[in-house]
Every structure is written in structure tokens, then in C-alpha cells.
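Take 1 as the starting number for the sequence shown in UniProt numbering and just add one per residue.
What follows is a single structure, written as C-alpha cells, with notes after it.
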Amino acid sequence: MDTLHFITITGIDHYYGKTPFEIGRIARISKEPENPHDPEAIRVELPVIGTIGYVANSTNTVYRGTASAGRIYDKIGDYAFARVFFVTHSSAIALVLSPDEVEEIDAGKKVIFTVNDEEEAPADDG
Numbered sequence: 001m002d003t004l005h006f007i008t009i010t011g012i013d014h015y016y017g018k019t020p021f022e023i024g025r026i027a028r029i030s031k032e033p034e035n036p037h038d039p040e041a042i043r044v045e046l047p048v049i050g051t052i053g054y055v056a057n058s059t060n061t062v063y064r065g066t067a068s069a070g071r072i073y074d075k076i077g078d079y080a081f082a083r084v085f086f087v088t089h090s091s092a093i094a095l096v097l098s099p100d101e102v103e104e105i106d107a108g109k110k111v112i113f114t115v116n117d118e119e120e121a122p123a124d125d126g
């Protein structure tokens, strides 16, 4: 992605609420083209617990200054990653990361997602 895209993560109360959201946490965002409610749906997920929300795609749920799922849908591959920046009472705001940023973070062993979706623990530096 050439420009910064902040996104609103909505629907969190249908899953685990605010509990899995912490500032700096990286979540995977995955296209869900077979979603019966929205063909541009983008699921937000964490390893082990799975879906924690969706990228907002309605004028009623997209916070001002953030991009909707429809706006970023063609700018990401089948999936991308986003870093949580803010958490509100019912949503979160995250920054979509570029593939280069993900590689840099992964090299530091701070991301536990792998391409094949298996969990990988961070290396012990001690």
C-alpha cells in the first residue's frame, strides 16, 4: 500500500468485546468474498481465538478519517495485517501495514502469524 490507511474494526461485541484489543497488537485482516451480508467483507482475526471483528464498511460504522472495507479491498491481497492504535467502547482503529512493515516486524519475531496460519512463538532472547 502506497498510502497510510487507518481502518475501523467493528462488530467486536459479537465476538470477544474489547478484551483481545490492546494498543500495538497486530491482527490479520482477511477478505471474505463469500460473506452473504457483504461481498467486500474483511474479517479481523487473531491466532488461536479466530475472528474478533470486521473492517467497517457502512457510513454508520466507519469512523471519520478511516477507510472502509470497500476502499481498501482492492489494495490488499487475500489478507494483510493491521496494528491496533486506538480502542473505543465499541470499536478499534488500526493501521493497515505494508508487506515491508510486516517483514520487518516478523524479522524481529514480534508477529506470531505465519503464512500457513500456524502459530509461531517469538524467539527467547534470554
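For every residue, glycine included, the Cβ atom is placed at its ideal position computed from N, Cα and C.
Keep in mind that this is a model prediction, so the values were computed, not measured.
- DSSP, reduced to helix, strand and coil, places Y73 within a helical segment of the structure shown.
- With 16 or more other Cβ atoms inside 10 Å of its own Cβ, G53 counts as buried.
- The beta carbon of Y63 sits closer than 6 Å to those of T8, all from its chain and outside the five residues before and after it, given in chain order.
- When only Cα atoms are considered, I12 and P99 end up about 25 Å apart.
- The continuous stretches of beta strand (DSSP E) do not include L4, and DSSP gives it neither H nor E.
- When the beta-carbon positions are compared, F81 and I29 come within less than 8 Å of each other.
- Ranking T88, I76, A92 by CA distance to the CA of L4 puts I76 first.
- CA-CA distance, V55 to F21, rounds to 14 Å.
- Separation of T51 and P36 (C-alpha to C-alpha, rounded to the nearest whole angstrom) is 16 Å.
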